[in-house]
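Here is the structure we will look at, set down as structure tokens.
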Amino acid sequence: MTPNLRGACWMMASMAGFAIEDAFLKTAAGSVPLGQILLTEGLAGMAVFALLALRRGEAPLPRTVLTRTMAIRSAFEITGRLFYALAIALTPLSSTSAILQATPLIVVPAAAVLFGERVGAFRWALTGIGFLAVLAIIRPGGEAFTPLSLLAVVGMLGFAGRDLATRAAPLGLSNAQLGTAGFGVLAMAGVVLSFWTGFKPIATPGLILGAIVFGVAGYGALTTAMRTGEVAAVTPFRYSRLVFALILSVLAFGEHPDAMTLAGSAVIVACGIALLTRRG
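Numbering-wise (my numbering), the sequence shown opens with residue 72 and increments by one.
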């Protein structure tokens, strides 16, 4: 098996893990306050990656985590985690996952503005088409539109900002240290949300445990994928998350994505893959 194929397999395993994590989170949110779920998952994931860092002889949270760039990254990640989790809990899994896939369509043009990266007319056109596809999914002004439809959009923008800030993050931070910080931010998002949702006894610990296991496994597989094969060959397989999410939305939650949602999802995926694999 070639490195690129191994990397693609790890990436698809990662995306499957994240999709299953979302399903567990959505189900658990029916009986446990969402803030409590995020706090529990964040602390557990933070502990796992802190142990991995210690095993490698690294400080789980070195001083470089306290830099201005990392503070900005954390603020964006809190926004992304918080609003995406709300979208998962309160809106259809299929449309929420589709909107999340538009993240690269925001990151690429923003990198051109912030970092001076070269982005040609073709990529700008793809960004515009992808934006129209997002509008087709949420359909502002339509009968089915509610303000909750914007939760996934805000979450997606938060993750785009996190990815951009990660690019400017100190190079000395390992994946284990970034994982510790990332899950720590998830716990912080849980604390923020808990001011509104409160706490209650956990009646479904298995669901939260499932979210933790698949979330941590997905993150670990993602790290392995990005270290295996060429980035340009592996990254497009991120879009397999949407396929897994659509399957779970139908089988686990009885959702029936309409033609517009499916068409918009296909356009976002096509634009994203073209954006990641072509130049100019």
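The C-beta atom is built at its ideal place from N, Cα and C for all residues, glycine as well. These numbers come from a predicted model, not from an experiment.
Just measuring C-alpha positions, the residue of MET141, MET331, LEU96 and LEU219 sitting nearest GLY250 is MET141.
The beta carbon of LEU197 lies closer than 6 angstroms to those of CYS342, ALA345 and LEU346 in the same chain, with the five residues before and after it left out.
By alpha-carbon distance to LEU153, the top candidate from LEU333, ALA223 and PRO276 is ALA223.
Nearest neighbour of ALA282 by Cα position, chosen from THR295, VAL338, ALA183 and ILE159, turns out to be ILE159. Here the region 87-106 does not lie against the region 328-336, with fewer than 3 beta-carbon pairs under 8 angstroms apart. LYS97: member of the alpha helix (DSSP H) spanning 74-99, first to last residue. With respect to the C-alpha of PHE266, the residue from VAL136, LEU114, LEU110 and PHE254 having the closest C-alpha is LEU110. Contact between ALA231 and ILE177 holds, since their C-beta atoms are separated by about 4 angstroms, short of 8 angstroms. No Cβ-Cβ contact shorter than 8 angstroms links SER85 with VAL256.
Remark: C-beta atoms of PHE315 and ALA87 approach each other more closely than 8 angstroms.
Spanning the alpha carbons of SER311 and PRO131 requires a straight line of approximately 31 angstroms.
Residue environment for GLY286: buried (at least 16 other C-beta atoms within 10 angstroms of its C-beta). Sequence-distant partners of MET259 (beyond 5 residues in either direction) whose C-beta falls short of 8 angstroms from its own C-beta, in its chain, are GLY113, SER145 and ILE149. Linking THR135 to LEU244 through their CA atoms gives a straight-line distance of about 8 angstroms. The three-state reading of DSSP puts ARG210 in coil, since its state is none of H, G, I, E or B. With contacts defined as CB atoms closer than 8 angstroms, VAL305 and GLY78 qualify as a contacting pair. Looking at MET82, ALA169, ALA323 and THR295, the one whose alpha-carbon comes closest to that of THR98 is ALA323. PRO211 is classed as exposed because its beta carbon has fewer than 16 other beta carbons within 10 Å across all chains shown.
THR294 counts as buried, since at least 16 other C-beta atoms from the protein chains shown sit within 10 angstroms of its C-beta.
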